[in-house]
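Below is one structure; the comments refer to it alone.
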Amino acid sequence: MTTAPDWQRWYRIEPEERYSPQIGALVEMMSYVRMTTLADVRGLSAEELWVTPPGFGNSIGALLAHIAAVDRAYHLWSLEGRDLDPERDAALLGGLSLGREGTPPPTGQGLDALLAELEESRAATLAALAQRDDTWLASRLTVPGFDFPNHHWAWFHVMEDEVNHRGQIRLIRKLVAPEPQREGSA
Numbered sequence: 001m002t003t004a005p006d007w008q009r010w011y012r013i014e015p016e017e018r019y020s021p022q023i024g025a026l027v028e029m030m031s032y033v034r035m036t037t038l039a040d041v042r043g044l045s046a047e048e049l050w051v052t053p054p055g056f057g058n059s060i061g062a063l064l065a066h067i068a069a070v071d072r073a074y075h076l077w078s079l080e081g082r083d084l085d086p087e088r089d090a091a092l093l094g095g096l097s098l099g100r101e102g103t104p105p106p107t108g109q110g111l112d113a114l115l116a117e118l119e120e121s122r123a124a125t126l127a128a129l130a131q132r133d134d135t136w137l138a139s140r141l142t143v144p145g146f147d148f149p150n151h152h153w154a155w156f157h158v159m160e161d162e163v164n165h166r167g168q169i170r171l172i173r174k175l176v177a178p179e180p181q182r183e184g185s186a
């Protein structure tokens, strides 16, 4: 019997047993998005992470901090049922707004620190999602003023936001850390 290489696993949506079916499919998609984001930042130096090229509003580091902040904010709204508090969540608001509100995210961190924040925020989300079911996923958020979306849309949006910013990351990376040309290529 031949087994498929590990990378082939990423081309199937096969929810883990610890999740209900729809949550599991959503988690699989979120995990694939995260895997590709991580691949796109692999090997970047702190300098490459924090430079903002002309014509761009953010650096790769700021976008990674934002992705983690979005995960944490939706965790509060969806999984804890509470809104952001400007004082208590000033750092989160800073990451969420890319520094326009709250406390701006720190700059200059290396890739390991940014990846640790991404991992920590996602681990908290996955643990909480494992405690929910598909009925909850279809139900609406309970945060006053933000009770119109359901939980499924909220987590789809977290994934959608990361995909959008990953596209920006790819463009910025081409400018700040271009791949060396191979011999014989133009």
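Each residue of the sequence shown is one higher than the one before, starting from 1 at the first, in UniProt numbering. For every residue, glycine included, the Cβ atom is placed at its ideal position computed from N, Cα and C.
Which same chain residues end up closer than 6 Å to residue i when comparing Cβ atoms and leaving out the 5 residues on each side of it in sequence?
i, result
"ASP133", "SER20"
"VAL70", "VAL158, ASP161"
"TRP10", "TYR32"
"LEU118", "ALA68"
"HIS66", "GLY95, LEU98"
Can you tell me whether residue i is buried or exposed, with buried defined as 16 or more other CB within 10 angstroms of its CB?
i, result
"THR103", "exposed"
"ILE13", "exposed"
"GLU17", "exposed"
"ALA68", "buried"
"GLY24", "buried"
"GLU120", "exposed"
Using a Cβ-Cβ cutoff of less than 7 Å, which residues in the same chain neighbour residue i once the five nearest sequence positions on both sides are dropped?
i, result
"THR107", "TRP50, GLY61"
"ASP40", "ARG166, ILE169, ARG170, ARG173"
"ALA124", "HIS75"
"MET29", "ILE13, MET159"
"LEU93", "LEU84, PRO86, GLU101, GLY102"
"ASP147", "ARG140, LEU141"
"LEU126", "VAL27"
By how many angstroms is the C-alpha of residue j removed from the C-alpha of residue i?
i, j, result
"TYR32", "ALA130", "17 Å"
"ASP89", "GLN8", "40 Å"
"LEU38", "LEU115", "8 Å"
"TRP136", "ALA128", "12 Å"
"PRO86", "ARG72", "15 Å"
"GLN109", "GLU48", "11 Å"
"LEU141", "PRO178", "42 Å"
"HIS151", "ALA46", "35 Å"
"GLN22", "SER139", "13 Å"
"ARG122", "VAL176", "27 Å"
"LEU111", "GLY99", "19 Å"
"PRO105", "ALA91", "7 Å"
"SER97", "PRO149", "20 Å"
"GLY43", "ARG34", "16 Å"
"PHE56", "THR36", "22 Å"
"GLY145", "PRO15", "32 Å"
So residue i and residue j are in contact, right, with Cβ under 8 Å, and what is the actual spacing, rounded?
i, j, result
"LEU84", "LEU76", "6 Å"
"VAL143", "GLY81", "6 Å"
"ALA154", "SER59", "That pair is no contact at about 27 Å."
Among the residues of its own chain, which have a CB less than 8 Å from the CB of residue i, if the five just before and after it don't count?
i, result
"PHE156", "LEU26"
"PRO53", "ILE172, LEU175, VAL176"
"ASN164", "none"
Practice prompt. Report the residue ranges of all alpha helix (DSSP H) runs contained in full by the segment 56 to 113; include only those spanning at least 4 residues, in chain order.
Written response: 60 to 74, 90 to 96
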